[in-house]
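Student: First, the structure itself, so that you have it in front of you.
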Amino acid sequence: MSIFFLEVLTLKSFPLIPANIMSMTAVSEVLKSNSLTCKFGLYLSKSQAEELVTTRNMSLENLGRVEFGGGIINKLIYEFCDSPYISQYNYTETINDLIETFYYFKNETLDEVSDDDLLSLMKEYFDQYCNGSIELLQGRELEVTARNKRYSKKNYTVKNPKEKYKLILEREDKI
Amino acid sequence: MKMEIKSAINNNYYDGSDYFQWILHEGYQQHLLDYVMIENIQYQLFNLMATQTNKFTQGDSSSIPVDTAQTLLNSLCFTISFKLNNYSLESCCALLKEMSLPELFKQGQDLLNITFEDAKSLLFQAKNNAISTKNRAYNDTLFKGIDPFFQKYDMKFYAQDIPVSIDYPLSNNNSKLLGVEYVYNYILSFYLENKFCNSFTQKSINNLLYSYDEGYEELLVNIFQIVLFNALGCILIDKDPSKLVITEIDLDKIVNCKIDLSNSMLLYKTTQQLMEYLNIQDKLLRDYVYNSINQLENSITDALISKKPEKIFVKNKDKPPVEITIYKDRSKMPDEIFRKVEEEIRNCRHLSDKLQIISQLDSLGDLIDVFESHCINDNEIKHVFKLLDTNELSLLLSMSCVVLWESAYDFCEAEKPWEKTLLTYIKNLPKDEQFLIFKKAKSAIID
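Residue numbers (this note's numbering), protein chains in the order written: chain A, 16 to 190; chain B, 668 to 1114.
What follows is the structure in structure tokens.
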């Protein structure tokens, strides 16, 4: 379990919230998602659930964030379980990547986009514009969204992204 | 309604939000809390943090940045510490066994709320018993500096914060305190210091401060300490302390009198004599004065041993200080009526008509509002100034935001256009008239 939480959530030398309590809670919460995802042919074993929780903890640690409870993993699973680009073959790997992506862009959007909105955007981009490619999701759609949000644009989401991306490239060529 | 003023002097170990952690640590060390209990508390704290985080993000986000989490945790622990503050270690451990952490947290919040309201009432009392002085730090802090705290303080998520900038230095200021407790303590000390200083006349204090430093208005000094030291000095040489006057001869007496400096009770007895002379019965005030003396005992004793009493006692200056005039402006007219007057002035074609309307205004506050509403231009404002006599010009200058320098009134700073026009107008008057206006402006206090 990550020592990060111990270092952060302590006052001086005494650990007020020990890491093992948070970890145990999270794994059991993740395993509960199987009851829904099995309808889509997706299932997580205990070791895979632990792997997801570890990914979550590492992402939180690397990105300077804290989370209480199982939280986002279940929400993410419920959002993406019906994606045509996810099967049992790439289930764990994709969810791992999506977890990292989610926390990265929570920071990049300065915490101004709620969890539900960000998950919903990620799903829309993943299915409709990126054809299941995590690289395109991270490097294209979400980057533009985050930049728009940082520049306080009212319509910060990406619509018709391929066209917009083409326009950005043309503008950069001219410069 | 008379408010009961609680003493904020706490003899328990307390260091902000760490008291709660200290109890857990010490309780475990001394076997008052076992491992199962500690784990239970940690689990409850975890859930409490989850609830707080959810409230903070309004359910929008399950994760937050580390810095934010640390702040929320500090606030949570501060609130629980505030509840446990007045209990001993054993009592705290018993409470932790009997009550759940959310209950303790809720009670802590209720106590914070009570202290918050008490602090507000106490500030009102402190303003009412304020001393009349031109010391800028004193006035700015008491009448402007502390008020914003009551709008900005966030008890739910930032209970340990002190969102206010306080400049005026107090004699006893417990800088280890946090949040509303710090502010309550600060206001209480302010109130007690005012109460002590009100045992002396405004004139005596004024003379004393002037003797301390002619530019005392701009200094960051504690008025109570200066007054207390001189009062004690008078008692030491059996002189009437009410005037707070210590002359050159008195300083020599202090040096030459046979004070038993090895007697550690000397200062205590002198202070006791002073309190009896001033008939101070209030226990809180008495404790405050004794605490001040305790903290400053070494510097007082050193000054006496080294035969340099002028280090702590202020020698009276021969030149008397400027008398302070307190001016109470008339009430300003209601907003609706002012708008009509402003409209009328704006619609006048001739300057004489405008001047006639303005000359009928009752208060200087209304006059300043007319200047700031831009219904007359700078040229016309000069003609308004011609209608005012020396006293009115000095009061207008005193009410403006113009910064008046002590000895070089040529170098005054003005911010607003009408203030700049006023300064220019005054500087074009004969020199002696200028001097009189600036002198009166510096000695006026607007109530």
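Quick reminder that beta carbons are idealized off the backbone N, C-alpha and C, glycines included.
What does A/V81 reach in chain B if we use C-beta pairs closer than 7 Å?
Tutor: Within chain B, the residues near A/V81 are S730, I731, V733, A736.
Student: In whole angstroms, what separates the C-alpha of A/L57 from that of A/L152?
Tutor: About 22 Å.
Student: Residues of chain B with CB under 7 Å from A/G154, in chain order?
Tutor: Here the premise fails: no neighbours, minimum Cβ distance about 23 Å.
Student: Cutting at 7 Å between CB atoms, please list the residues of its own chain near B/E884, excluding the five before and the five after it.
Tutor: Around B/E884: K801, N802, R803.
Student: Give the straight-line distance between the Cα atoms of B/Y749 and B/V847, rounded to the nearest whole angstrom.
Tutor: Here the sequence assigns Phe to residue 749 of chain B, which means Tyr is not the residue at that position. The straight-line gap from Cα to Cα measures roughly 10 Å.
Student: Can you name, in chain order, every residue of its own chain whose Cβ lies under 6 Å from the Cβ of A/Y140, other than the five neighbours on each side?
Tutor: These residues qualify, in order along the chain: L152, E156.
Student: So within the region 770-842 of chain B, which uninterrupted beta strand (DSSP E) runs reach at least 3 residues, ignoring any that extend past its ends?
Tutor: Whole beta strand (DSSP E) segments, 3+ residues: zero.
Student: When we look at the beta-carbon of B/K819 and count the other beta-carbons within 10 Å, is it buried (16 or more) or exposed?
Tutor: Its Cβ having fewer than 16 others within 10 Å, B/K819 is exposed.
Student: Just the C-alpha distance for B/K862 and B/Y877, rounded to the nearest angstrom, thanks.
Tutor: Cα to Cα, the separation comes out at about 21 Å.
Student: With 8 Å set as the bound, which would you pick, yes or no: does the beta-carbon of B/D727 sit closer than that to a beta-carbon of chain A?
Tutor: With 8 Å as the cut-off, B/D727 counts as an interface residue toward chain A.
Student: In the structure shown, what three-state DSSP assignment does B/Y883 receive?
Tutor: Note: B/Y883 maps to helix in three-state DSSP.
Student: Quick one: Cα of B/N1046 to Cα of B/Q1027, how far?
Tutor: Each residue's Cα considered, the two are about 20 Å apart.
Student: With a CB to CB cut of under 8 Å and the five nearest residues on each side skipped, what residues in its chain are close to B/Y853?
Tutor: I813, I833, L837, N840.
Student: Give the residues from the region 821-832 of chain B that approach chain A closer than 9 Å (Cβ to any Cβ), ordered along the chain.
Tutor: Result list empty, no residue passes.
Student: Determine, using beta carbons only, whether B/I947 and B/L911 come nearer to each other than 8 Å.
Tutor: No.
Student: Looking at chain B, is there any beta carbon in it that lies within less than 8 Å of the beta carbon of A/I114?
Tutor: Output row for A/I114: interface = no.
Student: In the DSSP assignment, what are the bridge partners of A/V81?
Tutor: Its beta-bridge partners are B/I731.
Student: Identify which residue in B/S758, B/S909, B/E1003 has its Cα closest to the Cα of B/Y944.
Tutor: Comparing Cα-Cα distances from B/Y944 to each of B/S758, B/S909, B/E1003, the minimum goes to B/S909.
Student: Along chain B, in chain order, which residues have C-beta atoms closer than 8 Å to that of A/K121?
Tutor: S728, S730, listed in chain order.
Student: Considering only residues of the same chain and omitting the five flanking positions on each side of B/K999, which have a CB-CB separation below 6 Å?
Tutor: Excluding positions up to five away in sequence, the list reads S1030, G1032, D1033.
Student: Below 7 Å on C-beta distance, what does A/G86 contact in chain B?
Tutor: In chain order: S729, S730.
Student: Does chain B have any CB closer than 8 Å to the CB of A/Y171?
Tutor: No, because no Cβ of chain B sits closer than 8 Å to the Cβ of A/Y171.
Student: Consider the Cβ of B/F713: report whether some Cβ of chain A lies at a distance smaller than 8 Å.
Tutor: Yes, B/F713 lies at the interface with chain A (some Cβ there is under 8 Å from its Cβ).
Student: For chain B, find out if any of its Cβ atoms is closer than 8 Å to the Cβ of A/L59; answer yes or no.
Tutor: No, because no Cβ of chain B sits closer than 8 Å to the Cβ of A/L59.
Student: For A/R9, which option in A/N122, A/S102, A/L134 has the closest C-alpha, if you only look at C-alpha atoms?
Tutor: There is simply no residue 9 of chain A to check, as chain A begins at 16 and stops at 190 in what is shown.
Student: Report yes or no: do three or more beta-carbon pairs, one from the region 106-120 of chain A and one from the region 763-778 of chain B, lie closer than 8 Å?
Tutor: No contact exists between the region 106-120 of chain A and the region 763-778 of chain B.
Student: Assuming B/T746 and B/A826 are in contact, meaning their beta carbons sit under 8 Å apart, how far apart are those beta carbons, in whole angstroms?
Tutor: Indeed they touch by this definition, with Cβ atoms about 5 Å apart.
Student: Starting from the beta carbon of A/D130, find every residue of chain B whose beta carbon is closer than 7 Å, and list them in chain order.
Tutor: Those within 7 Å of A/D130 in chain B are D727, S728, S729.
Student: Taking DSSP as the reference, what is the three-state secondary structure of B/T992?
Tutor: B/T992 falls in the strand class under three-state DSSP.
Student: Give me the residue from B/G882, B/V831, B/C744, B/E1039 with the minimum Cα distance to B/L771.
Tutor: When only C-alpha atoms are compared, the closest one is B/C744.
Student: Pull up the CB-CB distance for B/S708 and B/Y695, whole angstroms please, since I reckon it's below 8 Å.
Tutor: Checking the displayed sequence, the identity of residue 708 of chain B turns out to be Ile instead of Ser. Contact doesn't hold; Cβ gap of about 10 Å is too wide.
Student: First and last residue of the alpha helix (DSSP H) that includes A/Q143?
Tutor: Premise fails: A/Q143 is in no alpha helix (DSSP H) and is neither H nor E.
Student: Work out the CA separation of B/L844 and B/S758 for me, nearest whole Å.
Tutor: Roughly 22 Å between the two C-alpha positions.
Student: With a cut-off of 8 Å, does the C-beta of A/L75 fall near any C-beta of chain B?
Tutor: Closer than 8 Å: yes.
Student: Give the range of the alpha helix (DSSP H) segment to which B/M704 is assigned.
Tutor: Residues 702-723.
Student: Can we say the region 1096-1106 of chain B touches the region 1054-1070 of chain B, given the rule of at least three CB pairs closer than 8 Å?
Tutor: Yes, the region 1096-1106 of chain B touches the region 1054-1070 of chain B.
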